[in-house]
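**Student:** Residue numbers (our numbering), protein chains in the order written: chain A, 604 to 1109; chain B, 1181 to 1676.
Now the structure itself:
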């Protein structure tokens, strides 16, 4: 029998609908794979075998009971992994932090509820940098996740658990969240597809907030069509999220099924490339551009002069919002509670301070301190206020660029996966991983990372980033699917087939 | 430590008071400001909560449309400008009763600005300017257990009830109110009274000060008479009755006056008001104030009330309390002074209800203004909290009108009802209180005249002024049950 874990979500859905396999079989196969390889990858913080199998049985009943006329959710019965930042009723949710160790939410995030309604069994919760702060998953309080391409290397971050689970065939699909690149950069360094939808496209209700004005959840998958199918499940207006966009979204799957670039204006962003980018990343990017030209696209060079300030603005806005969003972890209502040493009858304030001291990691504290400072009276205008102005300028740069181009294109990340520990003690080097992905978050526009090959110098995956105007997520899938097809033809098969086999634990 | 006080009027002969009032009003919306939880008062602790108002990880706020409309109505009733675009902001500080450790409020972009409210004290009109009206979420409520006072100091532990967390709260802030002179305390009280009536007429809040749905912070500073530079102010928090507003101002005038007279400076600080003693004590010093790190709330979209909505709401505004009161005065034959006295004593509605219960306007006013307000002061409660209903007052008044009770007996009946002895007729029955009959009165008059023959002689000589002491003696002999008019007639008759 075929190894079910090697099938794409689209292939699994077809096999489930035709009755060739059951959801219980598919789900069990992935649970078995997790048991075999996760000791090496550590992509999961929690595996919910009982819950997943029970949801699989329910999916099988729906599949079996369906008359031919009845339309069922397309991904019914296809299992999924969820980043540990989304609340799951009855299943621990920690955001990779010690301060939420063991916290069991009493409610489902809207996107989790949508997954359940669409019948996708939830395999478990994936590892992440603490509160999504990081680009390597090394900042998880529960230890790093390893890249399936090279276990000594990081799988990117913050959503390294989701990218590693999908790249390591532990799950065909996963949910990620992207505040400055946390879906796209891990996708690039693991050879997977990751999409950050338009801000407001997917409800943030139930996603543990890092930076409210930047956070956006999206799909992680091995193919563009798989990502599109998942995107269609989780997108849509949610009355529980004021910033959710109330609009009718076109089908992303339709877009992915109709790839095309003929006559497309593709803008190469001057400021997203060149110096600081690994030669292999640049080379593979240039090859993609050539393929697009060969397929009939018009390539233009566009300049976004304010992107050079994006990183600085981002590292003021994000910590500012995070310092406020993370205030609630104060030991009063849920999560960790630590009594200060040597205080007989500690006050609430002393318990709060001791808990936050013990419960937050170094990177989280660094950003809380930065944000607290940036919002302080007397500094607000110079830092937070100024950063908001930069944000407006970046949005204007995008608007001008989209006058000249239908989509923008760049390498997703400047380098391939780095080794665990390499940048841990150098926050600025770590932050630079997101140099190409941050502008999309600041402007709220959608972005996608598609595998663009292996860097010749180290044989590790790199990705190409596509950006579209707000609300034009479907355009990413039309173009992304075309890029994917062109590359598959040139490679003669999926990139992930070239990843080394993982050692299976007994 | 005892606080030296000056005499209120003496202080205000030499210093000009500057008032500022910040009033918090819990809106009477069915649900909370950012979630669907009920706002009903008095439910068991932590039963009206959800992920959003508990601030659970991942939860998000969604603004209650009714709360916006209520706030706009308040702004319109206070003659404010209504913002065409504004935002909520986060006010960041750590406190156990704040679920998110920030409060969603409004900072530099309030919904309503630049209004006013007129009040009348002692026949003199004062315009209180409103700086801003903004909307925010209430916090939970801490209960400090184990201490003697219920305050956090000395408590062994604290409990928090989050039912109140997220209830919509409107804050109404005045500009500094100057030129009130000796009437500062009364103007403060009149303003809060008027504001309460406006809010009640709008139907946006139940404005129950005793339940905390209307809370007031009183700012006060003094400057030497004739000066233009404002003095250092104090902010007395959570003054929770109309009477307390007046008392808090009086106390701060007296306390600050004494300090200034002694050459000391007033410390800029928040102070707590003590209902029992009518005094204030220092709270947190504002001079080491926290930095709230306000920034626009990124989880909410800006508010942009459409002009059609605003004008539509304006069209639904009830007539202002002053107009309603004028009509009430007209119908019942009250003068402007009667009206002002009743309004500022907080008994206008009680008088109206007593009239509706069958008593005459004059008697109704007389009972509340002339007697029951004083009783409430003696008992140290709000007049509306006296343990006597308007129906009971109307019944007493009726018995007085029909001659079955003298005024003195009637007051004894009222006191007995307030003391919880029972309903009006039961109290009269149990005490055997009834107006003395003619025979009993004649016996008492004769006895009084006989006991004081020299006064009786004066009366016989036509000295009408000598009647008084005999009336007094008759009253005493009958335990107040004598009809004074009839007694006077009988004295003149029997003396001759």
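The beta-carbon is built from N, C-alpha and C at its ideal position, and this holds for glycine as well.
So, is residue 1383 of chain B buried or exposed, given that buried needs 16 or more other C-beta atoms within 10 angstroms?
**Tutor:** By the neighbour-count rule (16 or more Cβ atoms within 10 Å), residue 1383 of chain B is not buried but exposed.
**Student:** My guess is that residue 773 of chain A and residue 640 of chain A are in contact by the Cβ rule of under 8 angstroms, so how many angstroms apart are they, rounded?
**Tutor:** Sure, about 6 angstroms apart at Cβ, within 8 angstroms.
**Student:** Rounded to the nearest angstrom, what separates residue 822 of chain A and residue 718 of chain A at their Cα positions?
**Tutor:** Residue 822 of chain A and residue 718 of chain A: Cα-Cα distance of roughly 12 angstroms.
**Student:** So residue 1566 of chain B packs on residue 1576 of chain B, CB below 8 angstroms; how close in whole Å?
**Tutor:** With a Cβ gap of about 13 angstroms, residue 1566 of chain B and residue 1576 of chain B do not count as contacting.
**Student:** Find out if the Cβ-Cβ distance for the pair residue 1061 of chain A, residue 1015 of chain A is shorter than 8 angstroms.
**Tutor:** It is not a contact, given that the beta carbons lie outside the stated cut-off.
**Student:** What ranges does the alpha helix (DSSP H) occupy inside the segment 823-887 of chain A, keeping only unbroken runs of at least 4 residues that lie completely in it?
**Tutor:** The qualifying runs are 827-837, 855-860.
**Student:** Drop a sphere of 10 angstroms on the beta-carbon of residue 980 of chain A, count the other beta-carbons inside from all chains shown, and report buried for 16 or more, exposed for fewer.
**Tutor:** Label assigned to residue 980 of chain A: exposed.
**Student:** To be precise: take each residue of the segment 1240-1251 of chain B, compare its Cβ to all Cβ atoms of chain A, and keep it if any distance is under 9 angstroms. Which residues remain?
**Tutor:** Those would be 1240, 1241, 1242, 1243, in chain order.
**Student:** Answer with buried or exposed for residue 672 of chain A, where buried requires no fewer than 16 other C-beta atoms within 10 angstroms of its C-beta.
**Tutor:** Reliability of the predicted coordinates at residue 672 of chain A is poor, the pLDDT of 48 falling under 50, and the value obtained from them is presented with this limitation in mind. It counts as exposed.
**Student:** Let me know if residue 1445 of chain B comes out buried or exposed under the rule of 16 or more other beta-carbons within 10 Å of its beta-carbon.
**Tutor:** By the 10 Å Cβ count, residue 1445 of chain B comes out exposed.
**Student:** I'd like to know whether the C-beta of residue 1475 of chain B is nearer than 8 angstroms to at least one C-beta of chain A.
**Tutor:** By this cut-off, residue 1475 of chain B is an interface position.
**Student:** Kindly indicate which residue of A:933, A:1022, A:989 has the alpha-carbon position closest to the one of residue 753 of chain A.
**Tutor:** Per the Cα distances, A:1022.
**Student:** Using 10 angstroms around the beta-carbon of residue 1461 of chain B, count the other beta-carbons present and answer buried if the total reaches 16, otherwise exposed.
**Tutor:** Per the 10 Å Cβ criterion, exposed.
**Student:** Let me see if you follow: with CB-CB separation under 8 angstroms, is residue 1270 of chain B close to chain A or not?
**Tutor:** For residue 1270 of chain B, the answer is yes, since a Cβ of chain A falls inside 8 angstroms of its Cβ.
**Student:** Mind pulling the chain A residues with CB within less than 7 angstroms of residue 1471 of chain B?
**Tutor:** The contacting residues are 979, 980.
**Student:** Using three-state DSSP, classify residue 1262 of chain B as helix, strand or coil.
**Tutor:** It is a strand residue.
**Student:** I'd like the list of long-range same chain contacts for residue 1357 of chain B, defined as Cβ closer than 6 angstroms, with 5 residues on each side in sequence excluded.
**Tutor:** Around residue 1357 of chain B: 1199, 1308.
**Student:** Spell out the partners DSSP gives residue 1206 of chain B in its beta bridges.
**Tutor:** Paired residues: B:1349.
**Student:** Determine whether the beta carbon atoms of residue 1360 of chain B and residue 1197 of chain B lie at a separation below 8 angstroms.
**Tutor:** The answer is yes: Cβ separation under 8 angstroms.
**Student:** Using only the alpha-carbon positions, how far apart do residue 917 of chain A and residue 804 of chain A sit?
**Tutor:** Going by the C-alpha atoms only, they are around 21 angstroms apart.
**Student:** Taking the C-alpha atoms as reference points, what is the distance between residue 637 of chain A and residue 698 of chain A?
**Tutor:** Cα to Cα, the separation comes out at about 20 angstroms.
**Student:** So, with DSSP's three-state summary, where would you put residue 616 of chain A?
**Tutor:** The answer is helix: DSSP assigns residue 616 of chain A an H, G or I state.
**Student:** Between residue 731 of chain A and chain B, is there a C-beta pair that is closer than 8 angstroms?
**Tutor:** Judged by the 8 angstroms Cβ criterion, residue 731 of chain A is not in contact with chain B.
**Student:** May I ask which residues mark the beginning and end of the alpha helix (DSSP H) holding residue 1324 of chain B?
**Tutor:** Looking at the DSSP string, residue 1324 of chain B is not in any alpha helix (DSSP H); the run it does join, the beta strand (DSSP E), is 1321-1325.
**Student:** Tell me, please, whether the CB atom of residue 1479 of chain B is closer than 8 angstroms to any CB atom in chain A?
**Tutor:** So yes, residue 1479 of chain B belongs to the interface.
**Student:** Buried or exposed: residue 1031 of chain A, going by 16 or more other Cβ atoms within 10 Å of its Cβ?
**Tutor:** Looking at its Cβ environment, which holds fewer than 16 other Cβ atoms inside 10 Å, residue 1031 of chain A is exposed.
**Student:** So which residues of chain B does residue 809 of chain A contact, with C-beta pairs closer than 7 angstroms?
**Tutor:** Residues of chain B passing the Cβ test: 1238.
**Student:** Residues of the segment 687-701 of chain A in Cβ contact with chain B at a cutoff of 9 angstroms, in chain order, please.
**Tutor:** Listed by position along the chain: 688, 689, 690, 696, 698.
**Student:** Would you give the residue range spanned by the beta strand (DSSP E) that residue 1392 of chain B belongs to?
**Tutor:** Neither: residue 1392 of chain B is in no beta strand (DSSP E) and is coded neither H nor E.
**Student:** For residue 1371 of chain B, count neighbouring C-beta atoms within 10 Å of its own C-beta (all shown protein chains included) and say buried if the count is 16 or more, exposed if not.
**Tutor:** Burial call: buried.
**Student:** Here's the rule I'm using: 16 or more other beta-carbon atoms within 10 Å means buried, otherwise exposed. How should residue 911 of chain A be labelled?
**Tutor:** By the 10 Å Cβ count, residue 911 of chain A comes out exposed.
**Student:** Use the C-beta contact count for residue 733 of chain A: other C-beta atoms within 10 angstroms, 16 or more gives buried, fewer gives exposed.
**Tutor:** Residue 733 of chain A is buried by the Cβ-count criterion.
**Student:** Give a yes or no on whether 8 angstroms exceeds the smallest Cβ distance from residue 1212 of chain B to chain A.
**Tutor:** By this cut-off, residue 1212 of chain B is not an interface position.
**Student:** Are any of the Cβ atoms in chain B nearer than 8 angstroms to that of residue 915 of chain A?
**Tutor:** No, because no Cβ of chain B sits closer than 8 angstroms to the Cβ of residue 915 of chain A.
**Student:** Skipping 5 residues on each side, what residues in its chain have a beta carbon closer than 6 angstroms to that of residue 658 of chain A?
**Tutor:** Here the set comprises 724.
**Student:** Flag residue 1068 of chain A as yes if its beta-carbon sits less than 8 angstroms from any beta-carbon of chain B, otherwise no.
**Tutor:** So, not an interface residue.
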